[in-house]
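Below is one structure, written out as structure tokens, with a few remarks after it.
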Amino acid sequence: MNAEPKSRPVSAFSPENVRDDFEILSRPIYGKPYAYLDNAASAQKPRQVLGAMREFASTEYANVHRGVHYLSGRATDRYEEARETVRQFLSAGSVDEIVFTKGGTEAINLVAASFAAPLIAPGDEIVLSVMEHHSNIVPWHFLRERQGAVLRWVDVGDDGSLDVEALDAAIGPKTKLVAISHMSNVLGTVTPLKEIVARAHAKGVPVLADGCQGAVHTRVDVRDLDIDFYAITGHKLYGPTGIGALYAKRAHLKAMRPYQGGGEMIGEVTRDRITYADPPARFEAGTPPIIESIGLAAALKYFSSLDHDAVHAHEADLYAYAREQVRAFNWLRVIGDAPGKGAILSFEADGMHAHDLATILDREGVAVRAGHHCAQVLMERFGAVSTTRASFALYNTRTDVEMLVAALAKARKILG
Amino acid sequence: MDDGLRELYQEVILDHSRHPRHYGPLDGATHMGEGHNPLCGDRVKIYLVEGPDNRIAEIKFEGKGCAISQASASLMTDLIQGRTVAEAERLMGGFLELVKGGDPANLDEEDRERLDVMAGVSAFPMRVKCATLAWHTMKSALEGGKTAKAS
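From first to last, the protein sequence lines stand for chains A and B. 630 is the number that this note's numbering gives the last residue of the first sequence; the numbers go up by one with no jumps. 342 is the number that this note's numbering gives the last residue of the second sequence; the numbers go up by one with no jumps.
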């Protein structure tokens with residue numbers, strides 16, 4: 215049982231219990247305990263995920279969708295079961311709406327190349343917010359550079375909240391797509407996706423959400439959201455690297471041209487003619503990340519076995535605790551204070567560059583991220599070159615927060 | 192405090208980063224170089240005047256960055272002002288060796304001593320690029336003002 219005093223949400227979920235599943239968290243670094251607070255970059259993996267991948271590779275592994283032999287059949291079944299697990303996690307209507315990708319970045323690039331690019335004539339617009347990760351900016355820059363698309367940027371308020379009215383106003387007759395983060399990887403802002411989708415649809419414009427953070431920290435129901443595209447990545451969801459998924463409405467997928475060419479995605483290939491497989495296979499050229507798909511499914515099952523509301527309440531509690539603690543540091547400026555935000559604390563510190571701060575924090579036993587967080591447009595918006603970011607996951611504890619606060623005070627002593 | 196940290200953020204380094212020498216633009220510069228570390232977004236500009244005797248008559252820098260990158264730039268300008276281009280390049284070679292944990296043989300004792308304050312960086316491999324940015328930028332300025340990337 216945990217002995218923490220107050221304001222702990224009442225529930226069966228306890229971070230102390232899940233911590234045993236994450237072996238890396240108990241490994242000393244520099245000879246002492248280490249607080250891992252770089253979860254928005256990548257989360258650690260529980261033994262259930264590592265075990266599932268090992269077990270599968272040791273007993274059932276072969277290539278999928280090809281062989282007629284026993285192992286290929288087993289591997290194919292397991293791969294398709296993993297797709298079903300993703301469908302359930304996102305509450306999609308059909309497994310045919312789930313495309314495996316190598317991550318969130320590839321999922322968005324797929325939409326840009328196969329859905330958006332054919333729609334874009336010079337002057338057509340993509341609406342996006344200033345808080346997007348580069349993975350939800352650069353694919354649209356490609357369309358700007360190559361096809362004359364215009365990027366319409368929606369600002370955020372000083373507290374990091376998204377102005378839905380401003381977003382609505384940015385959607386015009388030339389808008390082909392709204393591309394928006396479900397949760398900012400820097401500010402922690404959670405966007406009102408359902409309302410955004412409703413507003414965009416009212417003007418006949420589809421919406422893509424970058425759900426790389428949102429899927430970790432909110433409950434996602436793509437049918438309830440009525441969203442057109444939703445991109446997730448495995449490694450932030452306590453799963454392996456090298457796998458992610460794109461949810462896309464079936465009608466879109468059916469109309470979309472292939473993304474990459476290769477094996478698995480064809481109907482028939484002759485010297486002068488080709489037909490393509492139906493979605494989702496059409497978008498999965500080549501041998502997919504098979505072992506990783508098993509790991510992703512294990513991660514989603516692990517995550518789903520926990521009480522989501524309790525996990526989210528726990529993360530919110532950690533954030534609130536950290537936010538409250540750093541209020542005492544008048545030399546520290548928090549960036550992102552939107553109501554209902556997720557558990558990400560980004561800040562600048564007077565006279566201390568983020569990299570110096572992160573180096574000291576590391577030696578004091580706290581892993582944070584320092585830099586532009588692949589969000590240079592946002593950095594510019596807040597007049598920052600770089601920020602320091604502590605991001606929380608289900609296995610973090612109040613002790614981790616206290617280590618962060620103590621290390622910050624130490625850094626101030628050294629550099630201030 | 193961690194010994195590595197104490198070595199890295201020693202007083203000389205902090206002093207250079209808080210009160211950088213040779214900071215600002217330089218009118219009449221014959222060479223200019225711009226360096227950028229895309230990992231952290233830090234930028235540095237090096238201006239210098241090369242005299243007819245191949246000496247770096249004057250050198251200044253501008254930029255924003257971490258304590259290590261700023262101190263390194265300040266220290267570098269202090270050290271190479273008045274030196275010949277060949278000497279500046281020799282110092283750079285020694286510096287690069289030093290921050291990667293080597294023991295440069297081609298530095299005289301006084302130069303070695305002055306550069307030694309940066310040797311603590313070698314215990315922080317993730318930060319070596321911070322220390323080398325100004326030097327690479329100085330070299331690119333000498334080579335004709337191309338933009339340097341941290342490497």
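Positions of the beta carbon are idealized from the N, C-alpha and C atoms, including for glycine. Here the structure is a predicted model, which means the values were calculated and not measured.
CB contact flag (residue i, residue j, <8 Å)
{"i": "C321 of chain B", "j": "H569 of chain A", "result": "yes"}
{"i": "I394 of chain A", "j": "L342 of chain A", "result": "yes"}
{"i": "M317 of chain B", "j": "S263 of chain B", "result": "no"}
{"i": "R234 of chain B", "j": "G226 of chain B", "result": "yes"}
{"i": "A266 of chain A", "j": "G402 of chain A", "result": "no"}
{"i": "T389 of chain A", "j": "H396 of chain A", "result": "no"}
{"i": "F517 of chain A", "j": "L451 of chain A", "result": "yes"}
{"i": "G448 of chain A", "j": "G500 of chain A", "result": "no"}
{"i": "L514 of chain A", "j": "F227 of chain A", "result": "no"}
{"i": "S519 of chain A", "j": "I457 of chain A", "result": "no"}
{"i": "F606 of chain A", "j": "L239 of chain A", "result": "no"}
{"i": "L158 of chain A", "j": "E311 of chain A", "result": "In this structure chain A extends from 215 to 630, so residue 158 of chain A is not present and cannot be described."}
{"i": "Y200 of chain B", "j": "A258 of chain B", "result": "yes"}
{"i": "D551 of chain A", "j": "D373 of chain A", "result": "yes"}
{"i": "P295 of chain B", "j": "K251 of chain B", "result": "no"}
{"i": "V278 of chain A", "j": "P493 of chain A", "result": "no"}
{"i": "K463 of chain A", "j": "D442 of chain A", "result": "yes"}
{"i": "L460 of chain A", "j": "T315 of chain A", "result": "yes"}
{"i": "L298 of chain B", "j": "G285 of chain B", "result": "yes"}
{"i": "G318 of chain A", "j": "I446 of chain A", "result": "yes"}
Simplified DSSP assignment, three categories, for residue i
{"i": "R583 of chain A", "result": "strand"}
{"i": "D233 of chain B", "result": "strand"}
{"i": "L196 of chain B", "result": "helix"}
{"i": "R626 of chain A", "result": "helix"}
{"i": "H569 of chain A", "result": "helix"}
{"i": "I457 of chain A", "result": "coil"}
{"i": "I693 of chain A", "result": "Outside the shown range of chain A (215 to 630) lies residue 693 of chain A, about which nothing can therefore be said."}
{"i": "E616 of chain A", "result": "helix"}
{"i": "W326 of chain B", "result": "helix"}
{"i": "T275 of chain B", "result": "strand"}
{"i": "V224 of chain A", "result": "Because the pLDDT of V224 of chain A is 44, which lies under 50, any placement of that residue in the model is unreliable, and the number read from its coordinates should be weighed accordingly. Three-state DSSP puts V224 of chain A in coil, outside helix and strand."}
{"i": "S305 of chain A", "result": "coil"}
{"i": "N228 of chain B", "result": "strand"}
{"i": "T290 of chain A", "result": "helix"}
{"i": "N216 of chain A", "result": "Any reading at N216 of chain A needs caution, since the residue's pLDDT is 44, under 50, leaving its predicted position unreliable; the model's value is listed next. In the structure shown, N216 of chain A sits in coil (DSSP, three-state: anything other than H, G, I, E or B)."}
{"i": "E230 of chain A", "result": "helix"}
{"i": "T489 of chain A", "result": "strand"}
{"i": "S331 of chain B", "result": "helix"}
{"i": "R603 of chain A", "result": "strand"}
{"i": "I446 of chain A", "result": "strand"}
{"i": "S342 of chain B", "result": "Only weak support exists for where S342 of chain B lies, its pLDDT of 46 falling under 50; the coordinates are left without a value."}
{"i": "L357 of chain A", "result": "helix"}
{"i": "R433 of chain A", "result": "coil"}
{"i": "S256 of chain A", "result": "coil"}
{"i": "H591 of chain A", "result": "Checking the sequence, you will find Val at residue 591 of chain A rather than His. It is helical."}
{"i": "A249 of chain A", "result": "strand"}
{"i": "D294 of chain B", "result": "coil"}
{"i": "S398 of chain A", "result": "coil"}
{"i": "L520 of chain A", "result": "coil"}
{"i": "V282 of chain A", "result": "coil"}
{"i": "R366 of chain A", "result": "strand"}
Identity of the residues DSSP links to residue i by a beta bridge
{"i": "T389 of chain A", "result": "A:E339"}
{"i": "E253 of chain B", "result": "B:K236"}
{"i": "V378 of chain A", "result": "The partner list for V378 of chain A (beta bridge, DSSP) is empty, contrary to what the question assumes."}
{"i": "V308 of chain B", "result": "Beta-bridge pairing links V308 of chain B to no other residue."}
{"i": "E482 of chain A", "result": "A:T489"}
{"i": "T315 of chain A", "result": "A:G458"}
{"i": "H222 of chain B", "result": "B:L239"}
{"i": "I247 of chain B", "result": "B:E241"}
{"i": "I243 of chain A", "result": "A:K246"}
{"i": "A258 of chain B", "result": "Answer by DSSP bridge pairing: none, since A258 of chain B is not bridged."}
{"i": "L422 of chain A", "result": "A:A393 and A:F443"}
{"i": "V404 of chain A", "result": "A:M397"}
Distance cut-off 7 Å: residue i Cβ against heavy atoms of the ligand ZN
{"i": "G509 of chain A", "result": "In terms of ligand content, the structure shown is empty, and the ligand ZN therefore cannot be addressed."}
Partners in chain E for residue i, counting only beta-carbon separations shorter than 7 Å
{"i": "A258 of chain B", "result": "Judged by its chain identifiers, the structure shown contains no chain E, and its protein chains are A and B."}
Using a Cβ distance threshold of 8 Å, determine whether the segment 608 to 620 of chain A contacts the segment 224 to 240 of chain B, with at least three qualifying pairs required. no
At least 3 beta-carbon pairs within less than 8 Å: the segment 320 to 339 of chain A vs the segment 288 to 304 of chain A: As far as the Cβ criterion goes, the segment 320 to 339 of chain A does not touch the segment 288 to 304 of chain A, which means the pair count is below three.
List, from N- to C-terminal side, the beta strand (DSSP E) runs of 3 residues or more that fit wholly inside the segment 533 to 563 of chain A. Listed in chain order, they are 546 to 549 and 558 to 563.
Three or more C-beta pairs below 8 Å linking the segment 329 to 336 of chain A and the segment 356 to 364 of chain A: yes
Across the segment 276 to 283 of chain B and the segment 327 to 337 of chain B, are there enough close Cβ pairs to call them in contact, namely three or more that are closer than 8 Å? yes
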